[in-house]
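Everything on this sheet refers to the single structure shown next.
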Amino acid sequence: MKNSIKKVTISLLILRTGSKYLGICKEFGFVEEASSAEEVEKKLIRGSILLLKTVSENPRLEPSLNVRPPLKYLCLFYIAPIVLALFSILRKYHGDMRLITRNLNSVAYA
Numbered sequence: 003m004k005n006s007i008k009k010v011t012i013s014l015l016i017l018r019t020g021s022k023y024l025g026i027c028k029e030f031g032f033v034e035e036a037s038s039a040e041e042v043e044k045k046l047i048r049g050s051i052l053l054l055k056t057v058s059e060n061p062r063l064e065p066s067l068n069v070r071p072p073l074k075y076l077c078l079f080y081i082a083p084i085v086l087a088l089f090s091i092l093r094k095y096h097g098d099m100r101l102i103t104r105n106l107n108s109v110a111y112a
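Our numbering puts the sequence shown at residues 3 to 112.
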């Protein structure tokens, strides 16, 4: 689905990498790192809202609402859930992974 200034959906993948958490926002190409999953989610949502505010002030920037992350993170976004699900079946993965979808409408960032 293509994002527009009126309707925005973001997909976040958050996973633990050692003692840190890595978060990827697929639609905007954001990558964040923090010490907790909640902190990463907040950073990604705050960054998304800031981008939406900027685009709402300058509509010429609307194509930036559909930028993909660098290839290595895009691959991680799609492959990590599959690989980690297989490892969890084999009981070799005991980490934390979250896939979150959020709808942000114009009210949220106006």
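All residues carry an ideal CB built from backbone N, CA and C; glycine is no exception.
As the structure is a computational prediction, the values presented were derived from the model and not from experiment.
If you count every other CB in all the chains shown that lies within 10 Å of the CB of A112, and 16 or more means buried, which is it?
Interpretation of A112 is limited by its pLDDT of 48, a score under 50 that renders its predicted location unreliable; the figure taken from the coordinates is listed afterwards. Classification of A112: exposed, given that the 10 Å Cβ count is below 16.
Nearest-angstrom Cα distance between P65 and T103?
20 Å
Does DSSP put I51 in a helix, in a strand, or in coil?
helix
Where do the ends of the alpha helix (DSSP H) carrying L88 lie?
73–91
Taking L106 and I51 to be in contact with their CB atoms under 8 Å, please state how far apart those CB atoms are, rounded to whole angstroms.
7 Å
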